[in-house]
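All remarks here apply to the structure that follows.
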Amino acid sequence: MASEYRIHRPYVLAALPRPLDHTDGRIVAREVYGQKGRKRTELAVGIDGETASVYNVPASRLITSYPIPPQDSFTCPPYSVRARHSTSNDILRCTFISTKNGSSRKMTLFKDVVHPDGKTTSTTSTQTLPASPVRYIAGSPTPAQSSPIGDVVAVCESGELVYLSGESLSVQWSASSKSAVQDVVAGAIDHFEVEYVSSTSLAELRDGMFKNRLEVFSALPKGLEPTLFVMVTKSMSQERMTRHLVVLAAMPGNSSNSAGLQKLIPLDVTPIGTSGGGDEQTTYQVDIQSGLLLELFPGSASIYDLGGAVPKQKSAIQVEGAESFLRLSRPFLLSTSLDSLSLFNYQHRSIHAKAALDLSELPLESQSPRTCQLLTYLRSQDLVVALVDNVLVSIQIEPPKAHGKRRRAGLLIDSIGRGSSMEMCPKKLRSEAPSMEFSSYVPGTMTETYLAKHNEEVQAADELLGNNELAKWEDVLRQKFNMGFRQEAEQKSGATGDEAVADLQESAEWEWMTESSYPPVDRRWTMYAISQVFSVETSLDEPRPKLRLVLADSNVTTYLVVAGHLTLSNLMMAFRADLSNEPAECRSLASSLIDCIIEADASMTLLLNYLQATKLGEVELLLAIRILMLSMDLISGTKDKTLDTTRLLTNEPHDGNDKYEMDLDDLEREIAVTEHYLGDESSSRSRGLTLAFTKLWRLPAVSTVRALRATIQTEEILAFIYLLRIELVRGAWTSLYIDPTRFESEGNEPPPDGVITLIADLLGRCLDAIGAGGWLFNDAMSWADKTEAGDFLTALKLEVTAALEGIEEAVYLNGVVGEAVRFGITAGKRWASRQTWNSSKPISVHLEARESRMLPLGLKTKQLPTMDKVVSGGEVVQRSMRETGHLISRNVEAYSLEKIAV
């Protein structure tokens, strides 16, 4: 049975008074925090010109309220903390609010102390703040021997951070985050604004967003617990708007250990290219634990993964008319509009529940709301708290019931047929406006109107080409392919009007995509372009048809190559009247196609683009490799013969293994001759050869061997083997892993580990293509002495054996020290994340026995006990050293000493 989520009807928690200013007044709300920064089931609400109140959500009652002057309005949601004194039974509740009155800004602290006898002592403090309004208030970690509330940090809209005392609101320091963004932006920043702020702890950031990048914490001083902020900023520089994700650490201001240190430390500044562009209605949320950035703009919501060095978009979902959104338990997202609620799975981009926003229980004046905002999610009770107009409501998200064995919820199959039901959503009138998903046809959709229009456009294009108006013909295809002109050509053109357009069409080059893919186009226009750029010819000398390039210098030819349209299937479809599907004819077609590409660009750059963009088979790849090796003189028998594979075979008699070692030394000396061909990574030939070999390796082995036998001659297969032998020696695979005499100190980076798999597989396919009969009957060595075939195989066998010995030694060393290294890394991470009371004192470990200094083979790390625990009543207390040691000793297994003899 598929799991079903159910969204219940909103339940009224409290009807709030409306703001005093009914036009610009607003209501802001935020969760209430307890000790150690834990969220409580309470809500702090601020109403402009009225009050700052704290509500209990499960009980639906008002806890306390603080009046504010009628002319004051809130700049951000209040920050409220409830904690208990460690030295007494008093309960503290501190509420910090930031208000503005005209051009003045101030911070106010409402402090209530509830004594054990029930009496309450209330005090109020006020502090004037900078001119920029405060956008976010966060609490700092509690310092030793101080109030359990700790200090507070105010983040202003201009990027300035103000560190204030939690007791007296005295300013301890202030710094701007603008300088952190200025370091990564070219040019001076004209405008800087903070759009979103969220605070977190060091442990959450280490285990969540930065779990794969722990090196960012190296800038933090040891022994101090900073307040960490994750912000989305918007900056304007040189009339260009950019957004950045900034992670900052605010150091404590009253600690003696932080005297003389930098107060604001930037940990990471990353540009984010959001989908909303410059839309001012874009809103953000950052989930620290899962490392996700949620972006909502009109019509769509995007989710970005922040685990890597650059934010990467994971998914995008359509949320038409969404007013607000909120992340629930992973991987669900709740969005609301003025008339409905939707539960999305952003991992699979599916909808799991949808319900109408039934406001029948709300007061009559709030049943036609102007705003609907999701505030917080209480995971323990599956409740979402929302603000509908001026009414606080709770919405229960009922998860599916587990029948028998607990199932994993949130699967894609669960969303099929589980959308909005007919009784949940009211019937809507038929609208003339099409939906966003089906607002336009897919390119090439078959309709009578489209076919008639397509035939007319093809006839017009044929007339332009027949009249030798090549520039206009290219412009017609450019519009069909959704391509643009290069900006450099547009800037150089000084004319205006129709003359400028005509000059641009005649001289400008198209703008080729370098970072993004080409837009989808109608396949009929692709077939038409191929049929006009190429032609098929047959002759008496060559009965099989061959391609001939008609328009070599055309932008259309370059587009067909770089966009990946020159596949054999497209060519067969474009010339289906002149070609057949015979294998020999396909090989001839592929060979003539590569010759045409080289004819268009003799520097092989266009051939490299062809290999990168096109989905190729074995025949095309083998022919491309052969052409590249011929151009690099890596195949014997060429005009400019640089390398000759016959040098591998000596005419001397068989003298034993010393002779083969000399052959290996000769092979290494010949590597220096080919260094200028294979060593230059910027060369189009070398890059194309590497790419072609990589693509050939990914194809099935059986079809590759069959294509080698049918397409490539035996001498050319031997040249392939020789090139692979050179790469085997160049990558130091034939050198012993621990041989110091083979160590080279040029500083070259070692090849990736997967290269040896590629070389070994391709060598095996080449040997299989020649076959046992070719080696036994010396057919493979027809160009050399017949008696040298055995020497060739023996030399190749020695090189492969040397490579296997090196790999065997590397695997042996990995087995010896790999577990110890993994243990050290894991243990280091555990101890780095664990907070100790007396971190200034070093821990010394004395190892007395000789056996105890051996490598920790078989050891494993376990999760260490936490420094605090939850006792009855929900109170969080710290563990004693005795209890912590007892828990650690319970996890230690019995020690046994084993002797391993190798």
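Here this note's numbering is used: the first residue of the sequence shown is 11, the next is one more, and so on.
A virtual CB, placed ideally from N, CA and C, is assigned to each residue, including glycine.
Look at the alpha carbon of residue i and the alpha carbon of residue j, and state the distance between them as a whole number of angstroms.
| i | j | result |
| --- | --- | --- |
| Val-144 | Glu-167 | 6 Å |
| Val-403 | Leu-384 | 10 Å |
| Ala-366 | Leu-631 | 57 Å |
| Leu-344 | Glu-305 | 13 Å |
| Ala-24 | Leu-72 | 8 Å |
| Leu-348 | Thr-61 | 26 Å |
| Tyr-460 | Gly-331 | 33 Å |
| Ser-70 | Ser-339 | 24 Å |
| His-254 | Lys-188 | 11 Å |
| Gly-838 | Ile-898 | 17 Å |
| Gln-328 | Cys-382 | 19 Å |
| Glu-819 | Met-241 | 49 Å |
| Leu-393 | Gln-406 | 5 Å |
| Thr-536 | Met-523 | 18 Å |
| Lys-244 | Phe-202 | 6 Å |
| His-18 | Ser-75 | 30 Å |
| Val-571 | Asn-477 | 26 Å |
| Glu-809 | Leu-777 | 15 Å |
| Lys-705 | Ser-300 | 36 Å |
| Ile-199 | Ser-209 | 25 Å |
| Arg-16 | Met-583 | 52 Å |
| Thr-811 | Ile-727 | 21 Å |
| Leu-626 | Pro-593 | 15 Å |
| Leu-634 | Ala-830 | Correcting the residue type first, residue 634 is Ala in the shown sequence and not Leu. Each residue's alpha carbon lies about 47 Å from the other. |
| Gly-647 | Met-639 | Bear in mind that a pLDDT of 46 at Gly-647, under 50, signals an unreliable position, so the number given afterwards is only what the model happens to contain. Those two C-alpha atoms are separated by around 12 Å. |
| Gly-160 | Val-181 | 14 Å |
| Ser-890 | Thr-876 | 11 Å |
| Val-881 | Glu-225 | 36 Å |
| Arg-115 | Thr-138 | 6 Å |
Thinking C-alpha only, which one of the options is nearest residue i?
| i | options | result |
| --- | --- | --- |
| Ser-63 | Tyr-89, Thr-85, Ala-69 | Tyr-89 |
| Glu-893 | Val-886, Glu-885, Asp-878, Gly-883 | Asp-878 |
| Arg-140 | His-254, Glu-458, Asn-111 | Reading off the sequence shown, one finds Pro at residue 140, where the question assumed Arg. For Pro-140, the nearest C-alpha among the options comes from Asn-111. |
| Arg-50 | Lys-221, Pro-29, Glu-371, Val-395 | Val-395 |
| Leu-768 | Arg-708, His-201, Phe-802, Gly-781 | Arg-708 |
| Phe-120 | Thr-577, Met-639, Thr-134, Thr-130 | Thr-134 |
| Ser-378 | Ser-350, Tyr-387, Cys-104, Ala-742 | Ser-350 |
| Phe-585 | Ser-601, Val-629, Ile-540 | Ile-540 |
| Met-493 | Thr-568, Asp-399, Arg-216, Asp-82 | Thr-568 |
| Ser-247 | Glu-466, Val-195, Leu-302 | Val-195 |
| Gln-78 | Leu-823, Tyr-65, Cys-104, Ser-108 | Before going on, a small fix: residue 78 reads as Ile here, not Gln. Here the closest residue by C-alpha is Ser-108. |
| Thr-292 | Val-181, Arg-554, Val-204, Gln-469 | Val-204 |
| Ser-142 | Asp-193, Cys-86, Phe-106 | Cys-86 |
| His-125 | Val-165, Ile-101, Arg-115, Tyr-294 | Ile-101 |
How far does the alpha helix (DSSP H) with residue i in it reach, from first residue to last?
| i | result |
| --- | --- |
| Ser-541 | 533–543 |
| Tyr-460 | 458–476 |
| Pro-593 | 593–610 |
| Phe-730 | 724–740 |
| Thr-292 | Segment: none, Thr-292 is in no alpha helix (DSSP H) and carries neither H nor E. |
| His-358 | That residue, His-358, is in no alpha helix (DSSP H); it is neither H nor E in DSSP. |
| Ala-481 | 480–490 |
| Ile-282 | Element bounds for Ile-282: n/a, residue is neither H nor E. |
Throw me the rounded Cβ distance for the residue i and residue j pair, which I believe falls under 8 Å.
| i | j | result |
| --- | --- | --- |
| Val-163 | Ser-150 | 6 Å |
| Ile-607 | Leu-617 | 5 Å |
| Ala-319 | Phe-239 | 20 Å between Cβ atoms; not a contact. |
| Pro-276 | Val-256 | 7 Å |
| Ser-613 | Ser-694 | 6 Å |
| Asp-122 | Phe-84 | Actually they do not touch by this definition, with Cβ atoms about 20 Å apart. |
In terms of residue numbering, what span does the beta strand (DSSP E) encompassing residue i cover?
| i | result |
| --- | --- |
| Arg-40 | 37–43 |
| Gly-698 | Careful: Gly-698 lies outside any beta strand (DSSP E), inside the alpha helix (DSSP H) at 694–708. |
| Leu-23 | 21–25 |
| Tyr-76 | 71–77 |
| Ile-407 | 401–408 |
| Tyr-387 | 382–388 |
| Ala-93 | 89–94 |
| Gln-328 | 322–329 |
Looking at the ligand ATP, does it come within less than 8 Å of residue i, judged from the CB to the closest heavy atom?
| i | result |
| --- | --- |
| Arg-533 | Of ligands this structure carries none, so the ligand ATP is not represented either. |
Runs of alpha helix (DSSP H) wholly within the region 190–267 (minimum 4 residues, chain order): 212–217
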